[in-house]
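Going by numbering that gives the first Met the number 0, the residue at position 79 of the sequence shown is 78; the numbering climbs one at a time, nothing skipped.
Built from N, CA and C at the ideal position, the CB exists for glycine as well.
A quick write-up on the structure given underneath.
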Amino acid sequence: MTALKYLQAYPAQLQDQVRQLIAEQRLGDYLSQRYPARHDVQSDKALYSYALDLKQEYLRNAPAIDKVLFDNRLDLTHRALGLHTTVSRVQGGKLKAKKEIRIASLFKEAAPEFLKMIVVHELAHFKESDHNKAFYKLCEHMLPGYHQVEFDLRVYLTWRDLQ
């Protein structure tokens, strides 16, 4: 039985469906039918603009984003598809906080839906720090069908591991 490390939290029935697609060598076909396009966000500058546009549309009152970039050092073994950080520094008598989002570089070649899902996920952390009901409700608001896209992203990562 194939271990599906990205899909461990999902019901056994879904995992079995993915295993069947793997056994029939149809997992790549499934993904290319559902997500045929590739996004054109290829630079850190374009990614920053992309994230800023989403923030402006859905999270106007959230703190400003100081940096957004593709990071080739993010380690998928720790399930880090993206990372949001707050870097605090003392400047003079004030405490300054900088908000950063880092996206794993492998998503430069992914479907636009996957990139949006990861950016939405990281932006949602600016409002909700924990993965709770409010967090996922916010994700679903910014990206209708968020849960399906997240599942398919995990299937995509499984497929990549098999290549």
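*asked:* Between Leu161, Phe150, Asp160, Ala61, which has its C-alpha nearest Glu121's C-alpha?
replied: Ala61
Open item on the list: Less than 7 Å between C-beta atoms, sequence neighbours within five positions excluded: which residues of the same chain meet that for Asp129?
Closed with: none
Check your understanding: If you draw a straight line from the alpha carbon of Ala50 to that of Lys97, how long is it in whole angstroms?
Key -> 15 Å
With a cut-off of 8 Å, do at least 3 Cβ pairs link the segment 35-46 to the segment 62-72? yes
**Item:** Cβ-Cβ distance between Asp151 and Arg33 below 8 Å
**Value:** yes
Would Ala11 and Pro111 qualify as a contact pair, given that the criterion is a beta-carbon distance under 8 Å?
no
Alpha carbon to alpha carbon, how far is Arg72 from Val118? 17 Å
Next on the checklist: What ranges does the beta strand (DSSP E) occupy inside the segment 90-159, keeping only unbroken runs of at least 3 residues that lie completely in it?
Outcome noted: 93-103
Checklist entry - With burial defined as no fewer than 16 other Cβ atoms inside 10 Å of the residue's Cβ, what is the status of Ala63: buried or exposed? => result exposed
- Assuming Leu13 contacts Trp158 under a Cβ cut-off of 8 Å, what Cβ separation, rounded to an integer in Å, is found between them? Not a contact, Cβ separation roughly 15 Å.
Original post:
Taking the alpha helix (DSSP H) that Tyr163 falls in, what are its first and last residues?
Top reply: Within the shown structure, residues of the chain are numbered from 0 to 162, placing residue 163 beyond reach of any answer.
Taking Arg25 as part of the alpha helix (DSSP H), name the residues at either end of that continuous run. Arg25 -> no alpha helix (DSSP H), and no H or E assigned at all.
* With C-beta atoms as the reference, is Leu6 less than 8 Å away from Arg153? -> yes
Is DSSP giving Ala36 helix, strand or coil here? coil
TODO: Let me know if Arg101 comes out buried or exposed under the rule of 16 or more other beta-carbons within 10 Å of its beta-carbon.
DONE: buried
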